[in-house]
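This report concerns only the one structure given below.
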Amino acid sequence: MTGRYGGGQGRRHGGGGGRGGGRGPEPEPIGGVRDEARLSSELLRMDGASYGRYKSLKGDWDFGDFTLTVERVQADPFAPPSRVRVLVPDTGIPKSAWGDPVRRRATADYLGRRARRLLRGSLLKIDTGGQEVIERSSCQLTDGGIDLRIGIDLPGHGRRIDGRTAERELCRTLPDLVDDLDWEEIDVEEAVAFADTVADTVALRARLAERNLVAFVAEGAVLPRRSGVSDEPMTRGAVPFDPPESLRVSVDLPHRGTVSGMGVPEGITLIVGGGFHGKSTLLHALERGVYDHVPGDGRELVVTRDDAVKIRAEEGRRVERVDVSPFVRNLPTGADTSDFRTENASGSTSQAANICEAVEAGSHTLLVDEDSTATNLMIRDERMQALVHGDREPLIPFIDLVRPLYREHGVSTVLVMGGSGDYFDVADQVIMLDAYHPHDVTERARELAHERVDAGFALPRARVVEPASVDDTTARGRGRIKRRDTDVLVFGENDIDVRAIEQFADPGQITGAGLALRALVGGRHLDGTRTLAEALDSLDEALDRGGVTLLGSDFGGDYVLPRRYEVAAVLNRLRALRVAGQR
Ligand code: ADP
Ligand code: MG
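Take 91 as the starting number for the sequence shown in the working numbering and just add one per residue.
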């Protein structure tokens, strides 16, 4: 699937750095006075010297109103960029812009985007988000100040230092950037509006539970994207969202006032409609509704409960001791499905594992699209039941479990299903999309529904992970966490296939999830006795207190805060994972 991360941002390095060049001894860091003037003269003096001399820049440089720290220096011009940190203790940002965690994240994000714009055409690169506003390592607000982590391709003429260009970038572009990020210099109204938008989204999401809603889609929202490879809003021909009257709710927000839209109630919601009528587009918007969007995205007021997890089939994935017995019994192999392990799951068993793992990690909201499911896990019609008898069919289809999942455990499901009316039997509400216009067709669907006796749903057993199996150390004894494009997370000697984890909204979250695995073990959240869910709770608490940079104080690249569900998903796909026991 393409387009998960939006377009036009180019390829980014996965970080990880730390691969020393190993050519000769490293030069001593420049000693004595290390201020701006000295850096300037040293860089000009280095012009034409061998590239390795750049290493002598390492350490702090005092620019007066900020400190530049050269943290990592690339071994050659073709290696991943060098890393510098810029700490500005006071940029005049008023406390109203950073005083609470939501504002702090939003203002940091706004300033990061401004920095990216200002650095356009420069060798300095800062990691910023696409359409979502997620906490990231590259731009952090300290109390009244700013802390930037920037990559720079240190310039060379072949293997010789291009000292003039380096001097221009570090001693002119960088101080200019710091000046331009001063609160006096920015468009304060725009910055405040940006943070207000995020704050409203957060407030709206917090209201969902008290209204017994799993999602909200505002009137006028623009759901379709520009193309399959762009996450930006469709500009021409987009049909704005118009809520059906029966599902209309109004919510008061702190900044925008009262907004009106479609409330998606708890329980089982079916989205139906003809092909190409916008079903998957609506579900995609709900998948991303766990994140906050930038002003102008079109989905600023499309929010979903923050525990919503997209479920799909994923043939070939590994499954490690997952209790899939609600869905799978009596396999032809005789395997114990309450303690199920496979190196190569089928479409249906992978989807069953994905559901059980999401529930295990704490999700109470499942999002499912027929486009990416295993049909035999979703439905079994009467004729198939007549032909293949119950005792020959190990699968209990989702249709028989979706109600007890809600009734007994409060897990709601939003399901796109255009190809079968069977789910009418179990749906609480049915929304039909007709040429992108939603209609409430619940009454009509009820008339067509059949009586259905469902099974119960026993909660899958919780797993206790063997911490030693979650190890990012390579055969050469060093830690390695690295993203390869948006497909693979390299974790020590393991390649983790992350393509099916659809709610990564930013490539940096893949790296972030790898760092979270390391933190789960390193911070003793996974301690060999806690269940996985308890370990995730414990990590979440630490991240709430310490912020995203807790994940990578020693890490030489950019990363973005992942959700616990994606952290669990990455862990579950780690082929080295060992589960010590179940509870
Ligand atoms: P379905 O899942 O019902 O087959 P999709 O959600 O994949 O349909 O949408 C089909 C096409 O319609 C996509 O190209 C999508 O971008 C476009 N589309 C979806 N919603 C809208 C809308 N509200 N306005 C305009 N185009 C839309
Ligand atoms: Mg579709």
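Think of the CB as a built atom: it goes at the ideal place given N, C-alpha and C, for glycine as much as any other residue. Fair warning: this is a prediction, and the values are worked out from it, not measured in the lab.
* To do: Less than 8 Å between the CB atoms is what I'm expecting for Asp290 and Arg346, so what's the real figure, rounded?
  => Taking the sequence shown and counting its residues from 1, one reaches residue 290 at position 200. Taking the sequence shown and counting its residues from 1, one reaches residue 346 at position 256. That pair is a contact at about 5 Å.
* C-beta contact flag for Pro171 and Ile216 at 8 Å -> Mapped onto the sequence shown, residue 171 falls at position 81. Mapped onto the sequence shown, residue 216 falls at position 126. No, Cβ-Cβ distance for Pro171 and Ile216 is not below 8 Å.
* Name the one or two DSSP bridge partners that His527 has. => In the sequence shown, residue 527 corresponds to position 437, counting from 1. For His527, which the question treats as bridged, DSSP gives the partners Asp524.
* **Heavy atom of the ligand MG within 7 Å of Val163 beta-carbon** => Here the question's residue 163 lines up with position 73 in the sequence shown. No, since every heavy atom of the ligand MG falls outside the 7 Å radius drawn around the Cβ of Val163.
* Do you know how far the Cα of Gly357 is from the Cα of Leu457? -> Within the sequence shown, the letter at position 367 stands for residue 457. Within the sequence shown, the letter at position 267 stands for residue 357. Rounded to whole angstroms, Leu457 to Gly357 spans 12 Å at the Cα level.
* Kindly examine the ligand ADP and report whether one of its heavy atoms sits closer than 7 Å to the Cβ of Val213. => What you label residue 213 is simply residue 123 of the sequence shown in a count that begins at 1. Here residue 213 is Leu; the residue named in the question, Val, does not match the sequence. No, since every heavy atom of the ligand ADP falls outside the 7 Å radius drawn around the Cβ of Leu213.
* Asked: Around the Cβ of Pro191, are there at least 16 other Cβ atoms within 10 angstroms (buried) or fewer (exposed)?
  -> Reading the sequence shown from its first residue, position 101 is the one you call residue 191. By the neighbour-count rule (16 or more Cβ atoms within 10 Å), Pro191 is not buried but exposed.
* To do: Please classify Lys185: is it buried, with 16 or more other beta-carbons within 10 angstroms of its beta-carbon, or exposed?
  => Numbered from 1 along the sequence shown, position 95 holds the residue referred to as residue 185. Lys185 should be labelled exposed.
* Would you report the Cα separation of Gln475 and Leu485, rounded to the nearest angstrom? -> For the purposes of this step, residue 475 is identified with residue 385 of the sequence shown, where counting begins at 1. For the purposes of this step, residue 485 is identified with residue 395 of the sequence shown, where counting begins at 1. Using only the alpha carbons, I get a separation of about 12 Å.
* Could you tell me whether the stretch 535–548 touches the stretch 394–401, using the rule of 3 or more Cβ pairs below 8 Å? => no
* Boundaries of the beta strand (DSSP E) in which Gln230 is found, first to last residue -> Indexing the sequence shown from 1 puts residue 230 at position 140. Its beta strand (DSSP E) spans residues 229–232.
* From Glu447 to Asp627, what distance separates their C-alpha atoms? -> For the purposes of this step, residue 447 is taken as residue 357 along the sequence shown, with counting starting at 1. For the purposes of this step, residue 627 is taken as residue 537 along the sequence shown, with counting starting at 1. Distance between the alpha carbons of Glu447 and Asp627 is about 15 Å.
* To do: Give a yes or no on whether the C-beta atoms belonging to Leu667 and Glu410 are separated by under 8 Å.
  => Your numbering for residue 667 matches position 577 in the sequence shown. Your numbering for residue 410 matches position 320 in the sequence shown. Cβ atoms of Leu667 and Glu410: closer than 8 Å.
* Going by CA-CA distance only, name the one from Pro597, Gly211, Gly202 that's closest to Thr263. => Working through the sequence shown from its first residue, we reach residue 263 at position 173. Here the closest residue by C-alpha is Gly211.
* Compute the beta-carbon to beta-carbon distance between Thr394 and Val380, rounded to the nearest angstrom, for a pair I have assumed lies under 8 Å. => Along the sequence shown, one-based indexing puts residue 394 at 304. Along the sequence shown, one-based indexing puts residue 380 at 290. Right, the Cβ-Cβ distance comes to about 5 Å (below 8 Å), so this counts as a contact.
* DSSP beta-bridge partners of Phe514 -> Sequence index remark: in the sequence shown, residue 514 carries index 424 (1-based). Answer is none; Phe514 lacks a bridge partner.
* **DSSP three-state assignment for Val663, whether helix, strand or coil** => As a first step, residue 663 is located in the sequence shown; it is residue number 573 there, counting from the start. Note that residue 663 is Arg in the sequence shown, not Val. Three-state result, Arg663: coil.
* Which of helix, strand or coil DSSP assigns to Gly602 -> On the sequence shown, position 512 is the one that residue 602 refers to. Reduced to three states, the DSSP call for Gly602 is helix.
* With distances taken Cα to Cα, identify the nearest neighbour of Val362 among Thr232, Asp634, Val531. => Here residue 362 refers to the residue found at position 272 of the sequence shown. Checking every option, the nearest Cα to that of Val362 belongs to Val531.
* Asked: Considering Met352, what are the terminal residues of the beta strand (DSSP E) in which it resides?
  -> Your numbering for residue 352 matches position 262 in the sequence shown. Where Met352 is concerned, the enclosing beta strand (DSSP E) stretches over 347–355.
* To do: Closer than 6 Å by C-beta to Gly112: which residues in its own chain qualify, once you throw out the five before and the five after it? Chain order, please.
  => On the sequence shown, position 22 is the one that residue 112 refers to. Confidence at Gly112 is low in this model, with a pLDDT of 48, below 50, so the placement of that residue should be treated as unreliable; the coordinate-derived value is given next. Taken in chain order, the list of residues that qualify is empty.
* Asked: With DSSP run on the structure shown, which of helix, strand or coil describes Gly241?
  -> Here residue 241 corresponds to residue number 151 of the sequence shown, with the count starting at 1. Here Gly241 sits in strand by DSSP.
* Asked: Would you say Val611 reaches chain B, if we count a Cβ-Cβ gap shorter than 8 Å as a contact?
  -> Structure shown: chain B not included; a single protein chain is present.
* Same chain, Cβ closer than 8 Å to Glu274, neighbours up to 5 away in sequence not counted -> Along the sequence shown, one-based indexing puts residue 274 at 184. The answer, listed in chain order, is Gly182.
* To do: Could you pull the start and end residues of the alpha helix (DSSP H) that Asn584 belongs to?
  => Translated into the one-based positions of the sequence shown, residue 584 becomes position 494. No alpha helix (DSSP H) holds Asn584; the beta strand (DSSP E) holding it covers 584–587.
* Looking at Lys145 and Glu126, is the spacing between their C-beta atoms short of 8 Å? -> One-based indexing of the sequence shown puts residue 126 at position 36. One-based indexing of the sequence shown puts residue 145 at position 55. Result no, Cβ atoms of Glu126 and Lys145 do not sit closer than 8 Å.
* Segment limits, alpha helix (DSSP H) that includes Val319 -> Counting from one through the sequence shown, the residue named residue 319 turns up at place 229. Where Val319 is concerned, there is no enclosing alpha helix (DSSP H), given that its DSSP letter is neither H nor E.
* Leu661 to Arg204, Cα distance in whole Å? -> Working through the sequence shown from its first residue, we reach residue 661 at position 571. Working through the sequence shown from its first residue, we reach residue 204 at position 114. Those two C-alpha atoms are separated by around 35 Å.
* To do: State buried or exposed for Gly318, treating a residue as buried only when at least 16 other CB atoms are found within 10 Å of its CB.
  => Residue 318 sits at position 228 when you count from the first residue of the sequence shown. Gly318 counts as exposed, since fewer than 16 other beta carbons sit within 10 angstroms of its beta carbon.
* To do: Report the residue from Arg226, Val178, Ile489, Gly386 whose alpha carbon sits nearest the alpha carbon of Ser643.
  => Taking the first residue of the sequence shown as position 1, residue 643 is located at position 553. Ser643 has its Cα closest to that of Arg226, out of Arg226, Val178, Ile489, Gly386.
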